[in-house]
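Chemist: Shown below is the structure under consideration.
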Amino acid sequence: MKLITILSALAAAVLVSAGKFHPVEEGKVDFIPNAFIIEYSDGVRHSAAHNSLKANKVDYKVRNEYNIFNGAALTVKSGHEGDALAKIPGIKNVWRVTLYKIPKVNKSTKKPTDPEVVSFHRMTGVDVLHEKHKLSGKGIKIGIIDTGVDYKHPAFAAPGANEGCFARNGKNCRVKYGWDFVGDDYDGSNTPKPDGDPMDCNGHGSHVAGIIGGNALNIKVAPKPPQPFVGVAPEVTIGAYRVFGCYGTSADDVILAAMELAFNEGMDVINMSLGGSSSYKSNPTAILADKLVARGMALAAGAGNEGTDGVWMVADTGLGDLGTSVASFDNTYGFYNSFTYGGVKHPYAPSDAWNMAIKLPANATLVPIFEKDGSLSDGCDEEIYNGIDVKGKVVLAYGDESRCLSGRGVNAKNAGAAAILTQTTPAGIATMGGSYNYPMASIEHGAGEKMLAVWKKNAKSRITWSNGPSTFTIENGGSPSVFSSFGLD
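According to mature numbering (1 follows the signal peptide of the UniProt record, and there is no 0), the sequence shown holds residues -18 to -1, 1 to 471 in order.
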């Protein structure tokens, strides 16, 4: 009886303490109006928090409740903003419900221009785990919080099967756990329609699952991969926790629910490659991430794709103290289409908008475009083509996406050029935005220098294109990817 009295007194004490409202960071404006995530004070549980909200005449609906995070997500009527909610006894922290957009997945008819899929295991030491220690992930459960998983893909099939499957008790299904928290039509602004089928309709989650546990070494059905590959843990059991609709938008109140379910279903590891960026670790997903790791779960979070935003920006979930935030490094080898100029073969990365079914100019000559100071132009200003004959030729320009995206492709196309190649900065080869159905590609910095030297000796030298991809040593291999978030230190 004394213990109950003491605990009741402690609960009453924490209900009196004032909380803190965390406003949306400057520039981070994607949030759901009148929707908030609240974290309860230590010792406060759902019933006590709801009693306190009602006692303070808050008109609200519950979006989600969290036991490990110890809080809830609410939709409140106007007049109860975050700072007002934070003053209610029993509430420790308040955040707006923030929206996330999944990193872009490009869908096209391009031939492959991807990292070579064997060498990266050597870079990361996975080859040693596979070959020396014979580790394949068998007996380990990994939860993937993402867009779902295309569990029917043959890369997730059991040995001897042509197709994968999803079943909680399926003997031959590698995807045994999971849930769809939102439904196909969810875009962050409408009501989620959850169901038990975590099938992917976006592609990003399947891409992540392939890296983690895909096995495409012996696929016998079409379409077969251009290179057979195996993931890091090809015998791992997968949990697919879908938090994005087909439109690629989610909210952190949904993500918190997925994190707790993954833990409760016994995942040994959860992976979260969700995008978004922040400079502060006082966000709900980072707080819950630390709580889950403290309870024995390993957590890996993508650092983010905000490298162009500068230092300090990291994906929210990766900001916790106990999880692992993973950045991207360029592979030392790449599987690229190529062209030959001056007797030297160079790889290229086609733009996002280039449909590779269109015909490339056969044996075209090269025309570099220059600024008045003699430096290679980025081609972002259409006036650069005044007085230059580029019709039917391949333009050589310079730069990245800092000044224009599709503009250089549009300008080259309007000037009559058959294609445009962009010499990248020394950061390495990268896919850029482009003009739809127009041949535009980036090339390595060193390739651009060599091509200029050939052109200066013989402007009539011609470009010939490869018939298919092959393996190249990458100029910037082993270095952080240009798009990858830098991290905090």
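For each residue, glycine too, the CB sits at the ideal point set by N, CA and C.
1) Report the residue from Val76, Asp132, Thr455 and Ala397 whose alpha carbon sits nearest the alpha carbon of Asn184.
2) Give the secondary structure of Trp336 by DSSP, where H, G and I count as helix, E and B as strand, and everything else as coil.
3) Once you ignore the five residues that flank Leu387 on each side, which residues in its own chain have a CB closer than 6 angstroms to its CB?
4) Could you give the DSSP three-state label for Tyr420: helix, strand or coil?
5) Anyone know if the C-beta pair for Ser443 and Asn319 falls short of 7 angstroms?
6) DSSP puts Met249 in a beta bridge; with which residues?
7) Is the Cβ-Cβ distance between Asp363 and Gly381 less than 7 angstroms?
8) Give the single residue among Thr173, Thr219 and Ile194 whose Cα lies nearest to the Cα of Phe211.
9) For Pro174 and Ala239, I'd like the C-alpha separation in whole angstroms.
10) May I have the straight-line CA-CA distance separating Val110 from Ser255, to the nearest angstrom?
11) Can you have a look at residue 473 and say buried or exposed, based on whether 16 or more other CB atoms are within 10 angstroms of its CB?
12) Helix, strand or coil for Ser(-11)? Go by DSSP, reduced to three states.
13) Measure the alpha-carbon distance for Met241 versus Val308 and round it to whole angstroms.
14) Confirm, please, whether the CB-CB distance from Cys228 to Asp166 is below 7 angstroms.
15) Expressed to the nearest angstrom, what Euclidean distance is found between the alpha-carbon atoms of Met433 and Asn396?
16) Can you give me the C-alpha to C-alpha distance between Lys74 and Gly170, rounded to a whole angstrom?
17) So, does the region 42 to 50 touch the region 108 to 122, judging by three or more C-beta pairs under 8 angstroms?
18) Assuming Thr404 is part of the beta strand (DSSP E), what are its boundary residues?
19) Helix, strand or coil for Ala268, going by three-state DSSP, please let me know.
20) When the Cα atoms are used, what is the spatial distance from Gly192 to Phe321?
21) For Leu243 and Pro176, what's the separation of their Cα atoms in angstroms?
22) How would you call Ala143, buried or exposed, if buried means at least 16 neighbouring beta carbons within 10 angstroms?
23) Distance, Cα to Cα, Asn368 vs Pro329?
24) Where does Asn33 fall in DSSP's three states?
25) Which residues bound the beta strand (DSSP E) around Val44?
26) Considering just the uninterrupted stretch of the beta strand (DSSP E) at Val436, what are its terminal residues?
27) What would DSSP say about Pro136, mapped onto helix, strand or coil?
28) Opposite Tyr318 in the DSSP bridges: which residues?
29) By a C-beta neighbour count over all protein chains shown, 10 Å radius and 16 as the cutoff for buried, is Pro205 buried or exposed?
30) What are the uninterrupted segments assigned as alpha helix (DSSP H) that are 4 or more residues long and contained completely in the region 117 to 195, given in chain order?
31) Can you grab the Cα-Cα spacing for the pair Ala30 / Leu199, in whole Å?
32) As a quick exercise: from Thr446, Lys341, Ala222 and Thr57, pick the residue whose alpha carbon is nearest that of Arg156.
Modeler: According to the structure shown:
1) Translated into the one-based positions of the sequence shown, residue 184 becomes position 202. Per the Cα distances, Asp132.
2) Within the sequence shown, the letter at position 354 stands for residue 336. Here Trp336 sits in coil by DSSP.
3) For the purposes of this step, residue 387 is identified with residue 405 of the sequence shown, where counting begins at 1. Cβ within range, chain order: Gly415.
4) Residue mapping note: residue 420 aligns to position 438 of the sequence shown, counting from 1. Tyr420: coil per DSSP, three-state reduction.
5) Along the sequence shown, one-based indexing puts residue 443 at 461. Along the sequence shown, one-based indexing puts residue 319 at 337. Result no, Cβ atoms of Ser443 and Asn319 do not sit closer than 7 angstroms.
6) Numbered from 1 along the sequence shown, position 267 holds the residue referred to as residue 249. Note: Met249 sits in no beta bridge, so no partner.
7) Against the sequence shown, residue 363 aligns to sequence position 381. Against the sequence shown, residue 381 aligns to sequence position 399. No, they are not a contact pair.
8) Locating residue 211 in the sequence shown gives position 229, counting from the first residue. Per the Cα distances, Ile194.
9) Numbered from its first residue, the sequence shown carries residue 174 at position 192. Numbered from its first residue, the sequence shown carries residue 239 at position 257. Cα-Cα distance, rounded: 12 angstroms.
10) Counted from its first residue, the sequence shown places residue 110 at position 128. Counted from its first residue, the sequence shown places residue 255 at position 273. So the two alpha carbons sit approximately 25 angstroms from each other.
11) Only positions -18 to 471 of the chain appear in the structure, and residue 473 is not among them; the question remains open.
12) By 1-based counting over the sequence shown, the position of residue -11 is 8. Residue placement at Ser(-11) cannot be trusted, given a pLDDT of 31 that sits under 50; what the coordinates show is reported in the next sentence. Three-state result, Ser(-11): helix.
13) To locate residue 241, count along the sequence shown from 1; it is residue 259. To locate residue 308, count along the sequence shown from 1; it is residue 326. Cα to Cα, the separation comes out at about 18 angstroms.
14) Your numbering for residue 166 matches position 184 in the sequence shown. Your numbering for residue 228 matches position 246 in the sequence shown. By the CB criterion at 7 angstroms, Asp166 and Cys228 fall inside the cutoff.
15) For the purposes of this step, residue 433 is taken as residue 451 along the sequence shown, with counting starting at 1. For the purposes of this step, residue 396 is taken as residue 414 along the sequence shown, with counting starting at 1. Between Met433 and Asn396, the C-alpha separation is close to 24 angstroms.
16) Reading the sequence shown from its first residue, position 92 is the one you call residue 74. Reading the sequence shown from its first residue, position 188 is the one you call residue 170. Approximately 25 angstroms between the Cα atoms of the pair.
17) no
18) Here residue 404 corresponds to residue number 422 of the sequence shown, with the count starting at 1. First-last of the beta strand (DSSP E) with Thr404: Ala401 to Gln405.
19) The sequence position of residue 268 within the sequence shown is 286, counting from 1. If DSSP states are grouped into helix, strand and coil, Ala268 belongs with the helices.
20) The count along the sequence shown starts at 1 and reaches residue 192 at position 210. The count along the sequence shown starts at 1 and reaches residue 321 at position 339. Gly192 and Phe321: Cα-Cα distance of roughly 30 angstroms.
21) Position 261 of the sequence shown, counted from the first residue, corresponds to residue 243. Position 194 of the sequence shown, counted from the first residue, corresponds to residue 176. Each residue's Cα considered, the two are about 13 angstroms apart.
22) One-based indexing of the sequence shown puts residue 143 at position 161. By the 10 Å Cβ count, Ala143 comes out exposed.
23) Here residue 368 is taken as the residue at index 386 of the sequence shown, counted from 1. Here residue 329 is taken as the residue at index 347 of the sequence shown, counted from 1. Approximately 30 angstroms, taken between the alpha carbons.
24) As a working note, residue 33 is residue 51 in the sequence shown. Helix at Asn33.
25) Position 62 of the sequence shown holds residue 44. Tyr42 to Tyr48 is the extent of the beta strand (DSSP E) around Val44.
26) Walking along the sequence shown from the start, residue 436 turns up at place 454. Not the beta strand (DSSP E): Val436 falls in the alpha helix (DSSP H), residues His427 to Lys439.
27) For the purposes of this step, residue 136 is identified with residue 154 of the sequence shown, where counting begins at 1. The answer is helix: DSSP assigns Pro136 an H, G or I state.
28) Numbered from its first residue, the sequence shown carries residue 318 at position 336. DSSP lists Ser452 as partners of Tyr318.
29) Along the sequence shown, one-based indexing puts residue 205 at 223. Exposed: under 16 other Cβ atoms inside 10 Å.
30) With a minimum length of 4 residues, the continuous alpha helix (DSSP H) runs that stay inside the region 117 to 195 are 186 to 195.
31) In the sequence shown, residue 30 corresponds to position 48, counting from 1. In the sequence shown, residue 199 corresponds to position 217, counting from 1. Cα-Cα distance, rounded: 55 angstroms.
32) Within the sequence shown, residue 156 is the residue found at index 174, counting from 1. Out of Thr446, Lys341, Ala222 and Thr57, Ala222 has the C-alpha closest to the C-alpha of Arg156.
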